[in-house]
Amino acid sequence: MFEAKFQTFVDDATPGDSAARLKALRAELKRQALDGFLVPRADAHQNEYVPRCAERLAWLTGFTGSAGFAVVLEKQAAIFVDGRYVIQVRGEIDGKLFKPLDIAETTPAKWLGDHARPGARIGYDPWVHASAQIERFTKALAEKKIELVPLDINPIDALWTDRPGEPKGAVTIHPARYAGESANSKIRKLRAALNDADAALMSDPHAICWAFNIRGADVAHTPIALCFAMLPKEGAPTLYIDDAKLAPKTRAALEKFLKLKAPEALIDDLVEAGKSGATILFDSATAPAKLVEALRAAGGKPRVNDDPAALPKAIKNEAELAGARAAHIRDGAALTRFLAWFSEAAPKGGLTEISAAEALETFRRENGDLRDISFPTISAFSEHSAIPHYRVTEKSNLKISRGVYLVDSGAQYLDGTTDVTRTMVVGPASKQLRDHFTRVLKGHIAIARAVFPKGVSGAQLDAFARRALWEAGLDFDHGTGHGVGAYLSVHEGPQRISKLGTTPLQPGMILSNEPGYYRAGDYGIRLENLVIVEKREIKGAEREMYGFETITLAPFDLNCVEPTLLAPEEIDWLNAYHAQVRKTLSPLVDAKTRKWLREATRAL
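Start counting the sequence shown at 1449; every next residue gets the next number (our numbering).
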């Protein structure tokens, strides 16, 4: 009845192979007179979702998370992850081979400086490291005279005998009714940001796809084409992309406003630009060190800074916002059908984390508009729900019985990208669970109701989501919210609500609102909606004020709510939100779901 077409549940972790692979890598390093090697989880664009051929960290260590970094020395090796993966990494790697470390407590550069011998030569692949990252390493290691050595060939690629080939997903033109602005108009705006530079080297495929109104199919769950682009101050831009990705009609449409070249031509073009002394902008977050150094070595002037497309891409136009709202209504109907089904099926037994994920994807596919899921569904029961970025596999799959179930999922539609988390209880909710759930809900409501002046950043709002947890001596180890793209990445910068979110929030930005709480080995809670930054008119205001429009529509589990912990204004918000959910979604669901929805959105 239910099936998953956009995700698999195969256990990709292969720690059993790590010993032989690590031994082979060390032998190759010794052959090249190297004392160590840096292994980021990265491709040439620093993408979150990378093609299978770039999963070098997983191949070597067995760790399958979306962010990680390993350092291999002759006798020691360490793997660094952030707070999302501190539990997962220990279950996937061989701890005798790699020491797992929290990157917030120990950076790879610090560990390398402490453990490598003075004067050591450490190799790295300059295609998969941003130049700013290499500069940070170089500065941190200078005192011990540890040398970073760029390599022409990644040694893992030579050892990975069955490494998949480069992806060749088809490129499509993104329809104007969804893009809301022509590629030529976007190009003019980006040129204005070049200032005195001669060109910008665009290395982020999300930015390129946005700027040229194209989408691709090179990586899972994000409709991007892996490519580079050169945007000169004058003349047509150049798109460096594999010709196999372009159908004749797509090629013809693109050639109306840009030049097409093979990716292999990029280095030569940078060398030519360098010989003429050109100044070229590079994105500090995504530009490979290889490209920056190619220009510099040829005599050019690289200027490494923020991607000029990042902010315009983050501020959605009216067509993109209308698409996001429409996508969330359809998505909310599918999710609500799932929640109603789950509430009946789960208490009967027989459900598993995988079968629940399959059901949710099926409900979404029945919309008829689903292009993909926006990330692998986090379908987590009991202790697995306490792992923020848990991925269920056939090996880890738990049966769902009495306890806490968390589902974090999203979808890709032509008109918008969704991301939503709901936490439910199967059976009665304990007093402790209701307390924790309600404190997370209070944080969610605090963000949803926030009103703030122009210029405020996500870092200034992050504490709003934590206050109720802090009052009980609790917290969570991830940001409160990330930016979301328009039929692009479900995780988009530069906007975010976190301690590190320094970009001022502006109207048109889409962010998640997802505080949580995780009791390791027991249960986890996360409540997530997407919001749009909007202007707020306040009588007598002396400054331009902003707030959030919540666009995700799905009920929260009232069985987990302790009303006595909610202030009157919080109850008012929750009741109004549920009334909106009921009114908007009731016409879009079947009679049985409609009946469940009335009870699920009852007023407190």
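All C-beta atoms in this analysis are idealised placements derived from N, C-alpha and C, irrespective of residue type, glycine included. It should be emphasised that the depicted structure is a prediction, and the values quoted were computed from it without experimental measurement.
Distance from Pro-1680 to Asp-1646 at the Cβ level is roughly 7 Å; contact confirmed, criterion being Cβ atoms closer than 8 Å.
When the alpha-carbon of Gly-1747 is set against those of Leu-1759, Ser-1724, Lys-1764, Ala-1737, the nearest one is in Ser-1724. Here Met-1872 has Tyr-1853, Asp-2005 as same chain residues with Cβ atoms under 6 Å from its own Cβ, once five neighbours each way along the sequence are excluded. For His-1930, the uninterrupted beta strand (DSSP E) segment begins and ends at 1929-1931. With distances taken between CA atoms, Val-1888 lies nearest to Phe-1912 out of Phe-1912, Thr-1865, Ala-1877, Thr-1586. In the three-state reduction of the DSSP assignment, Leu-1922 falls in the coil class. Linking Arg-2030 to Tyr-1497 through their CA atoms gives a straight-line distance of about 35 Å.
Take the alpha-carbon of Ala-1659 and the one of Glu-2010: they are about 47 Å apart. DSSP places Thr-1784 within a helical segment (H, G or I) once states are collapsed to three.
Less than 9 Å separates the beta-carbon of Pro-1963 from that of His-1892. In this structure the segment 1593-1602 touches the segment 1567-1575; the number of beta carbon pairs closer than 8 Å is three or more. Judged by beta-carbon spacing, Ile-1621 lies beyond the 9 Å limit of Ala-1692, meaning their Cβ atoms are not closer than that value. Using a Cβ distance threshold of 9 Å, Arg-1569 and Val-1597 count as a contacting pair. Going by DSSP, Thr-1698 is part of the alpha helix (DSSP H) stretching over 1696-1702. With fewer than 16 neighbouring CB atoms inside 10 Å of its own CB, Pro-1795 falls in the exposed class.
In terms of Cα proximity to Phe-1454, the closest of Arg-1474, Cys-1501, Thr-1509, Phe-1823 is Phe-1823. Inclusion of Ala-1627 and Ala-1695 in the CB contact set at 9 Å is not warranted, their separation being larger than that value. The beta-bridge partner set that DSSP reports for Phe-1912 is empty.
Taking Leu-2045 as the centre and dropping the five residues before and after it, the same chain places the C-beta of Thr-1784, Ala-1788, Pro-2003, Val-2029, Arg-2030, Leu-2033, Ser-2034, Val-2037 closer than 8 Å to its C-beta, in chain order.
Secondary structure in the segment 1497-1544: the beta strand (DSSP E) runs of 3 residues or longer, each lying completely within the stretch, are 1517-1521, 1525-1529 in chain order.
Here DSSP, grouped into helix, strand and coil, assigns Arg-1944 to strand. Considering only Thr-1734, Phe-1730, Arg-1504, the residue with the shortest C-alpha distance to Gly-1941 is Thr-1734. In the DSSP annotation of this structure, Leu-1978 is not part of any alpha helix (DSSP H); the continuous beta strand (DSSP E) holding it starts and ends at 1977-1984. Looking only at Leu-1470, Tyr-1533, Leu-1521, the smallest Cα-Cα distance to Arg-1504 is reached by Leu-1470. Among the bridge pairs identified by DSSP, Phe-1676 is matched with Tyr-1688.
In this chain, the alpha helix (DSSP H) harbouring Gln-2028 covers 2016-2033.
Of Gly-1931, Phe-1900, Tyr-1966, the smallest CA-CA separation from Gly-1921 is found for Tyr-1966.
Collapsing the DSSP output to three states places Glu-1997 in a strand. Taking C-beta separations shorter than 8 Å and ignoring five residues to either side along the sequence, the partners of Ile-1535 in its chain run Ala-1834, Ile-1835, Ala-1968, following chain order.
Distances from the CA of Lys-1843 to each of Val-1520, Glu-1540, Leu-1486 were compared; the closest alpha carbon is that of Glu-1540. With respect to the 9 Å criterion, Ala-1742 and Ile-1715 are classified as neighbours on the basis of their beta carbons. For Ala-1641 and Thr-1727, the gap between their C-alpha atoms comes out near 14 Å.
With respect to the 9 Å criterion, Ile-1656 and Ser-1937 are not classified as neighbours on the basis of their beta carbons. Assigned with DSSP and collapsed to three states, Ala-1894 falls in helix. Shown here for Leu-1674: same chain residues with a beta carbon closer than 6 Å to its own, the five before and five after excluded, namely Pro-1653, Asp-1666 in chain order. For Lys-1593, the secondary structure class from DSSP, reduced to helix, strand or coil, is coil.
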